Amino acid sequence: MSATTVSQPKTIAMNRISPMLRLDFYRLFHTPLLYIMMAVAAVIPALVMTMSGASTTDASGKVVEPTIVYTNAFQLIAPQHPQYVISDFGDYANINMVYIFGGMLLAIFIGHDYMSGFVKNVFTVHSKKRDYVISKIAIGTFSMICMIGTYVLGSMVSGLLNGKSFSVSIVGLLLCLVAKVILALGFSSLFVLISVLFRRLLGISIVGSFFFGTGMLVMGAAAVLASMGLESLMGVFLYGAASGASLSSTWITVIVSLACSAAWALIYTQLSTFILNHRDLA
1 MSATTVSQPK
11 TIAMNRISPM
21 LRLDFYRLFH
31 TPLLYIMMAV
41 AAVIPALVMT
51 MSGASTTDAS
61 GKVVEPTIVY
71 TNAFQLIAPQ
81 HPQYVISDFG
91 DYANINMVYI
101 FGGMLLAIFI
111 GHDYMSGFVK
121 NVFTVHSKKR
131 DYVISKIAIG
141 TFSMICMIGT
151 YVLGSMVSGL
161 LNGKSFSVSI
171 VGLLLCLVAK
181 VILALGFSSL
191 FVLISVLFRR
201 LLGISIVGSF
211 FFGTGMLVMG
221 AAAVLASMGL
231 ESLMGVFLYG
241 AASGASLSST
251 WITVIVSLAC
261 SAAWALIYTQ
271 LSTFILNHRD
281 LA
């Protein structure tokens with residue numbers, strides 16, 4: 001069998017899905033939703049730093065010092081070391097929030113497809129439901145990567161304006177960001193599944209994106225594994241892999257993130273395609 005013959009199915013698949021990708025990216029770039037989410041991602045670091053550094057008073061009037069004090073601008077991006085168990089809401093305040101914003105974007109994007117009837121026109125021209133799923137995963141991944149970029153920029157500007165230190169391991173920071181970018185694929189696949197499952201229930205899709213994006217479903221497992229000294233096993237979950245990508249990341253972190261993201265992306269793509277193939281479009 002020649003190399004040309006082997007490459008033909010791939011070429012046919014790309015030719016089939018390319019129009020849908022072009023359409024979805026055109027729609028993405030010509031709606032304000034992406035730019036709003038990117039702006040939110042850029043502003044969040046400043047809000048987090050401002051709120052975390054402020055002292056509060058309790059019911060008795062006693063001054064309560066902030067539980068988290070940022071001394072380094074890059075703490076807004078990720079903790080210094082992997083943090084699988086969340087002890088305070090402030091522990092959520094890092095770059096992992098962009099996955100939640102990306103989930104909300106996909107929920108609105110896919111929800112609009114169904115509520116407007118646009119999806120019926122799409123499936124009239126493109127009979128392959130998998131192509132629809134892959135296209136949505138692609139725009140979701142791209143959107144999250146854009147938000148990661150604006151979040152990093154916002155963190156650096158916020159740190160500069162507040163006089164915070166920029167001391168960091170460049171290698172650790174870069175590998176952390178590479179891992180976060182890779183995990184965008186897995187999270188995007190998860191949120192596409194949620195949005196397809198609750199395609200006409202936009203509110204539930206958004207809440208589901210928040211619920212799964214914060215890792216609430218696996219927090220119990222994280223606590224149990226941490227008590228046994230096995231918290232590194234959390235890397236099999238998207239939330240765990242994202243929590244493991246810290247400022248001290250190594251190539252092992254990137255490899256774990258790649259394996260986790262690819263495996264879950266494959267699973268969620270199959271499930272989303274199955275749902276679309278076996279449920280009415282209405």
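Going by UniProt numbering, the sequence shown opens with residue 1, and the numbers climb by one from there.
The C-beta atom is built at its ideal place from N, Cα and C for all residues, glycine as well.
Computed from a predicted structure; not experimentally measured.
Exercise for the section: Measure from the alpha carbon of M104 to the alpha carbon of each residue in N162, V40, Y84, then state which is nearest. Expected result: Counting from 1 along the sequence shown, the entry for residue 104 is found at position 104. Selected option, being the one with the closest Cα: V40.
Practice task
To the nearest angstrom, report how far apart L190 and Y35 are at their CA atoms.
Solution key: Within the sequence shown, numbered from 1, the residue matching residue 190 stands at position 190. Within the sequence shown, numbered from 1, the residue matching residue 35 stands at position 35. Cα atoms of L190 and Y35: separation of roughly 22 Å, rounded to the nearest angstrom.
Exercise for the section: With distances taken Cα to Cα, identify the nearest neighbour of A179 among Q75, L202, S249. Expected result: Within the sequence shown, numbered from 1, the residue matching residue 179 stands at position 179. With distances taken between Cα atoms, A179 lies closest to S249.
Problem - First and last residue of the uninterrupted alpha helix (DSSP H) at L247 - result: Here residue 247 refers to the residue found at position 247 of the sequence shown. Segment: none, L247 is in no alpha helix (DSSP H) and carries neither H nor E.
Exercise for the section: Determine the DSSP secondary structure at N162, reduced to helix, strand or coil. Expected result: To locate residue 162, count along the sequence shown from 1; it is residue 162. In this structure, N162 counts as coil in the three-state DSSP scheme.
Practice task
Please say whether L106 and S195 have beta carbons closer to each other than 7 Å?
Solution key: Within the sequence shown, residue 195 is the residue found at index 195, counting from 1. Within the sequence shown, residue 106 is the residue found at index 106, counting from 1. Taking 7 Å as the Cβ cut-off, S195 and L106 qualify as a contacting pair.
Practice task
Measure from the alpha carbon of L21 to the alpha carbon of each residue in G117, V133, A242, then state which is nearest.
Solution key: The residue labelled residue 21 in the question sits at position 21 within the sequence shown. Considering only alpha carbons, the answer is V133.
Exercise for the section: Look at the alpha carbon of L76 and the alpha carbon of Q83, and state the distance between them as a whole number of angstroms. Expected result: As a first step, residue 76 must be located in the sequence shown, where it is residue number 76. As a first step, residue 83 must be located in the sequence shown, where it is residue number 83. Whole-angstrom Cα-Cα distance: 14 Å.
Exercise for the section: Check whether the Cβ atoms of G102 and S143 sit closer than 7 Å, and answer yes or no. Expected result: Counted from its first residue, the sequence shown places residue 102 at position 102. Counted from its first residue, the sequence shown places residue 143 at position 143. Contact check for G102 against S143 passes: the beta carbons are separated by less than 7 Å.
Practice task
Taking the CB atoms as reference points, tell me whether G244 and I100 lie closer together than 7 Å.
Solution key: On the sequence shown, position 244 is the one that residue 244 refers to. On the sequence shown, position 100 is the one that residue 100 refers to. In this structure, G244 keeps its C-beta atom at 7 Å or more from the C-beta atom of I100.
Handout entry: Check whether G203 and W264 have beta carbons under 7 Å apart
Key = For the purposes of this step, residue 203 is taken as residue 203 along the sequence shown, with counting starting at 1. For the purposes of this step, residue 264 is taken as residue 264 along the sequence shown, with counting starting at 1. In this structure, G203 lies away from W264, with their beta-carbon atoms at least 7 Å apart.
Problem - As assigned by DSSP and simplified to three states, the class of N72 - result: Position 72 of the sequence shown, counted from the first residue, corresponds to residue 72. The DSSP-derived three-state label of N72 is strand.
Practice task
Identify whether residue 348 lies in helix, strand or coil by the three-state DSSP scheme.
Solution key: The displayed coordinates of the chain run from 1 to 282. Any statement about residue 348 would go beyond what the structure contains.
Handout entry: Span separating the alpha-carbon of M49 from that of A42
Key = In the sequence shown, the residue the question calls residue 49 occupies position 49. In the sequence shown, the residue the question calls residue 42 occupies position 42. C-alpha separation (whole angstroms): 12 Å.
Problem - Residue from I110, V254, K136 with nearest C-alpha to G172 - result: As a first step, residue 172 is located in the sequence shown; it is residue number 172 there, counting from the start. Here the closest residue by C-alpha is V254.
Exercise for the section: For Y70, count neighbouring C-beta atoms within 10 Å of its own C-beta (all shown protein chains included) and say buried if the count is 16 or more, exposed if not. Expected result: Start at 1 with the first residue of the sequence shown, and residue 70 comes out as number 70. Classification for Y70: buried.
Exercise for the section: On a CA-only basis, which of Q80, I108, G208, S18 is nearest K31? Give me that one, please. Expected result: Residue mapping note: residue 31 aligns to position 31 of the sequence shown, counting from 1. Going by the sequence as given, residue 31 is Thr instead of Lys. The option with the nearest alpha carbon to T31 is I108.
Practice task
From the DSSP output, in three-state form, read off S116 for me.
Solution key: Numbered from 1 along the sequence shown, position 116 holds the residue referred to as residue 116. Residue state, collapsed to three classes: coil.
Exercise for the section: Using 10 angstroms around the beta-carbon of K136, count the other beta-carbons present and answer buried if the total reaches 16, otherwise exposed. Expected result: Numbered from 1 along the sequence shown, position 136 holds the residue referred to as residue 136. K136 should be labelled buried.
Practice task
Name the residue from L160, F123, L247, L238 whose alpha carbon lies nearest to the alpha carbon of I170.
Solution key: Numbered from its first residue, the sequence shown carries residue 170 at position 170. Of the listed residues, the one whose Cα sits closest to I170 is L247.
Exercise for the section: Work out the CA separation of V98 and I145 for me, nearest whole Å. Expected result: Start at 1 with the first residue of the sequence shown, and residue 145 comes out as number 145. Start at 1 with the first residue of the sequence shown, and residue 98 comes out as number 98. The C-alpha of V98 is placed about 9 Å away from the C-alpha of I145.
Problem - N-terminal and C-terminal residue of the alpha helix (DSSP H) that S167 is part of - result: Taking the sequence shown and counting its residues from 1, one reaches residue 167 at position 167. It is not in any alpha helix (DSSP H) - S167 carries neither H nor E in the DSSP assignment.
Problem - alpha helix (DSSP H) segment containing I204, residue limits - result: Position 204 of the sequence shown, counted from the start, is the residue given in the question as residue 204. Boundaries of the alpha helix (DSSP H) around I204: 202-213.
Problem - Option in S165, V192, L174 with minimal Cα separation from W251 - result: Locating residue 251 in the sequence shown gives position 251, counting from the first residue. When each option's Cα is compared against that of W251, the closest is L174.
Handout entry: Helix, strand or coil at A265 according to DSSP, with G and I counted as helix
Key = Against the sequence shown, residue 265 aligns to sequence position 265. Here A265 sits in helix by DSSP.
Practice task
Tell me whether the beta-carbon of N96 lies closer than 7 Å to the beta-carbon of A241.
Solution key: Your numbering for residue 96 matches position 96 in the sequence shown. Your numbering for residue 241 matches position 241 in the sequence shown. Against a cut-off of 7 Å, the Cβ pair of A241 and N96 comes out as no contact.
Problem - Neighbourhood of R130 by C-beta distance below 6 Å, restricted to the same chain and skipping five residues each side - result: Indexing the sequence shown from 1 puts residue 130 at position 130. If we look at R130 and ignore the five residues flanking it on each side, its Cβ neighbours are T273.
Practice task
Less than 8 Å between the CB atoms is what I'm expecting for S158 and P79, so what's the real figure, rounded?
Solution key: Counting from 1 along the sequence shown, the entry for residue 158 is found at position 158. Counting from 1 along the sequence shown, the entry for residue 79 is found at position 79. With a beta-carbon spacing of about 17 Å, S158 and P79 fall beyond the 8 Å limit used to define contacts.
Handout entry: Pairwise C-alpha distance: H278 and L153
Key = As a position in the sequence shown, residue 153 is number 153, starting the count at 1. As a position in the sequence shown, residue 278 is number 278, starting the count at 1. Looking at the two C-alpha atoms, the distance is approximately 43 Å.
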